[in-house]
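S.K.: Going by the numbering used here, the first residue of the sequence shown is number 63, and it counts up by one from there.
The structure's right below; bear with me while I get my questions together.
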Amino acid sequence: MTGRLIEVRGLCAGYGSVSAIVDIDLELDSGEMVALLGANGAGKTTTLNTIAGVIRQTEGVVTMFGRRETRSVSRRARDGLALLPEQRAVFMGLTVRENLIMGHGGIDYSLALFPELEGKLALRAGLISGGEQQMLALARTLAARPRAILADELSLGLAPRIVSRLFGVLSAAAADGAGVIIVEQHPRTALKWADRAYVMRRGRIEVSGASSDLLERMDDITSLYL
Ligand SMILES: Nc1ncnc2c1ncn2[C@@H]1O[C@H](COP(=O)(O)OP(=O)(O)O)[C@@H](O)[C@H]1O
Ligand SMILES: [Mg+2]
63 MTGRLIEVRG LCAGYGSVSA IVDIDLELDS GEMVALLGAN GAGKTTTLNT IAGVIRQTEG
123 VVTMFGRRET RSVSRRARDG LALLPEQRAV FMGLTVRENL IMGHGGIDYS LALFPELEGK
183 LALRAGLISG GEQQMLALAR TLAARPRAIL ADELSLGLAP RIVSRLFGVL SAAAADGAGV
243 IIVEQHPRTA LKWADRAYVM RRGRIEVSGA SSDLLERMDD ITSLYL
């Protein structure tokens with residue numbers, strides 16, 4: 063599939079009567095990696111979760127894979143949307159192999175993406191390193207061959223070398239035709255990988271543009287929004 067995967071217009075959502083995101087417009091096309099940046103509490107996670115259907119939108123329109131989307135999380139997932147949540151999406155009590163089997167794809171495909179996991183197959187996921195857990199979460203997710211991937215703070219607490227591995231694999235998925243949104247608190251890391259980015263502040267998108275343009279204005283953007 064080529065072209066537009068996700069289009070969001072005027073999206074609002076919140077928690078109880080408190081609004082957390084306001085009037086969000088964004089797009090995701092096949093083949094691109096887009097960063098969603100912003101300080102802690104800016105509304106990045108709420109935006110991803112609302113697009114995925116985890117949080118109900120109060121206003122606005124989400125169009126996904128060509129249809130106006132109001133259905134459940136699992137329906138959206140079945141159509142090809144993958145959400146990698148802030149909390150690592152692995153079953154800590156199951157082995158690495160069992161986790162991969164539950165990814166609905168082949169173990170072979172997952173191990174081709176992350177050969178690092180090969181020697182860990184028999185270990186419980188709770189016993190491997192944080193970086194390996196995140197590789198496992200990503201391997202499981204990608205084995206289902208999603209069309210659009212929403213990755214929330216994948217890099218949290220991980221060494222730069224591991225972060226490069228994770229973003230490198232996501233970047234390859236985008237080169238293969240998927241669309242990827244990465245949420246990041248470290249703007250320079252994200253902009254190194256992403257084609258373009260949106261910067262959020264207090265629930266709104268304040269700036270958007272190509273990564274190269276945003277990197278040139280990074281000092282201003284950091285002091286104003288991050
Ligand atoms: N479960 C929740 N209940 C109430 N308020 C929440 C909840 N999760 C987030 N918020 C609030 O919504 C706003 C946006 O949060 P969030 O989307 O998590 O931001 P980010 O991911 O950018 O750090 C913040 O003001 C936060 O305090
Ligand atoms: Mg968050």
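Using N, Cα and C, we set each Cβ at its ideal position, and we do this for glycine too.
#1: Closer than 7 Å: is that where the CB of K106 sits relative to any heavy atom of ligand 1?
#2: Using a Cβ-based criterion (distance less than 7 Å to any ligand heavy atom), does E194 qualify as near ligand 2?
#3: Which same chain residues, not among the five before or five after L90, have their C-beta less than 7 Å away from its C-beta?
#4: Cβ of G103 within 8 Å of Cβ of L73?
#5: Rounded C-beta distance between R150 and A199? I'm assuming under 8 Å.
#6: Which residues mark the beginning and the end of the beta strand (DSSP E) in which T26 is found?
#7: Can you say whether S274 is buried or exposed, counting buried as having 16 or more other CB atoms within 10 angstroms of its CB?
#8: Just to confirm before moving on: does the CB-CB distance between V144 and T203 stay below 8 Å?
#9: In the DSSP output, what is R66 paired with across the bridge?
#10: Excluding sequence positions up to five away, which residues of its chain have a Cβ less than 7 Å from the Cβ of T112?
#11: Tell me, to the nearest whole angstrom, how far the beta carbon of S92 is from that of G188; I am working on the premise that it is less than 8 Å.
#12: Three-state secondary structure (DSSP) at A272?
#13: Among the candidates E194, R133 and E131, whose CA atom is the shortest distance from the CA of F153?
#14: Any heavy atom of ligand 2 inside 7 Å of the beta-carbon of D281?
#15: Any heavy atom of ligand 2 closer than 7 Å to the CB of E334?
#16: Would you mind reading off the limits of the alpha helix (DSSP H) that contains M154?
#17: For a test of the three-state rule: what should DSSP assign to M164, helix, strand or coil?
#18: Under 8 Å between the Cβ atoms of E246 and S217?
M.R.: According to the structure data:
#1: Taking the sequence shown and counting its residues from 1, one reaches residue 106 at position 44. Yes, the beta carbon of K106 sits closer than 7 Å to at least one heavy atom of ligand 1.
#2: Taking the sequence shown and counting its residues from 1, one reaches residue 194 at position 132. No, the beta carbon of E194 sits no closer than 7 Å to any heavy atom of ligand 2.
#3: Within the sequence shown, residue 90 is the residue found at index 28, counting from 1. So the list reads L67, I68, V96, A210, G241 and I243, once near-sequence residues are dropped.
#4: Along the sequence shown, one-based indexing puts residue 103 at 41. Along the sequence shown, one-based indexing puts residue 73 at 11. No, the pair does not count as a contact, with Cβ atoms beyond the cut-off.
#5: One-based indexing of the sequence shown puts residue 150 at position 88. One-based indexing of the sequence shown puts residue 199 at position 137. 5 Å between Cβ atoms; contact.
#6: Lying before the first or after the last residue shown, residue 26 is absent from the chain, which here runs from 63 to 288.
#7: The sequence position of residue 274 within the sequence shown is 212, counting from 1. Answer is exposed; the Cβ neighbour count stays below 16.
#8: As a working note, residue 144 is residue 82 in the sequence shown. As a working note, residue 203 is residue 141 in the sequence shown. First, the amino acid is wrong: residue 144 is Ala here, not Val. Cβ distance < 8 Å, so A144 and T203 count as in contact.
#9: Your numbering for residue 66 matches position 4 in the sequence shown. Beta-bridge pairing links R66 to D91.
#10: Position 50 of the sequence shown holds residue 112. For T112, where only same-chain residues beyond five positions count, the Cβ hits under 7 Å are L73, A75, I83 and Q119.
#11: Numbered from 1 along the sequence shown, position 30 holds the residue referred to as residue 92. Numbered from 1 along the sequence shown, position 126 holds the residue referred to as residue 188. Not a contact, Cβ separation roughly 36 Å.
#12: The count along the sequence shown starts at 1 and reaches residue 272 at position 210. Here A272 sits in strand by DSSP.
#13: On the sequence shown, position 91 is the one that residue 153 refers to. When each option's Cα is compared against that of F153, the closest is E194.
#14: Locating residue 281 in the sequence shown gives position 219, where the first residue counts as 1. No.
#15: No answer is possible for residue 334: it lies beyond the span of the chain, which begins at 63 and ends at 288.
#16: Translated into the one-based positions of the sequence shown, residue 154 becomes position 92. Segment: none, M154 is in no alpha helix (DSSP H) and carries neither H nor E.
#17: In the sequence shown, counting from the first residue as 1, residue 164 sits at position 102. Note: M164 maps to coil in three-state DSSP.
#18: The residue labelled residue 246 in the question sits at position 184 within the sequence shown. The residue labelled residue 217 in the question sits at position 155 within the sequence shown. Closer than 8 Å, so yes.
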